[in-house]
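In our numbering, the protein residues as written are 707 to 861.
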């Protein structure tokens, strides 16, 4: 089960921008072009909800979004975001405790899996994948290990 970010919500976005500039947001937003109109979307670990605003810039209405986040404080921050008139349901739980098999057209996992051990991912990946409809799309953006020492120091 991934880390709970309740204590970091107040500085999370600021630290992210300080360390990475706008690159994390751009990486998330880049994938949104693969979302189709009227999609049912599962966002797992969306943090402070910036991805909701970025999605709303593309689709002001017509989406059904389920936002699963372990941190109650991150959900509280996410609720403040502009979501247009898209239907958004917030669920405060670990993804391993959420189950709606075959329901979603699109799953988005933004910078999530660095919170897991390799062993934990062995059961989490199949669990997430079964939430997709046949032919659905799983959009993942995450950190890349490059072996550069300065990246390790900054993280």
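Think of the CB as a built atom: it goes at the ideal place given N, C-alpha and C, for glycine as much as any other residue.
Exclusion of the five residues before and after residue 843 leaves 740 and 812 as the residues of its chain whose Cβ lies within less than 6 Å of its Cβ.
From the listed residues 762, 805, 846 and 778, the smallest Cα separation to residue 791 is found for 762. Listed in chain order, the non-local C-beta contacts of residue 789 below 7 Å within the same chain comprise 758 and 762, local neighbours out to five positions each way being set aside.
Considered as a whole, the region 798-833 harbours 810-816 as its complete beta strand (DSSP E) runs of no fewer than 3 residues, in chain order. Of the residues assessed, residue 736 falls on the exposed side of the cut-off, its CB having fewer than 16 other CB atoms within 10 angstroms.
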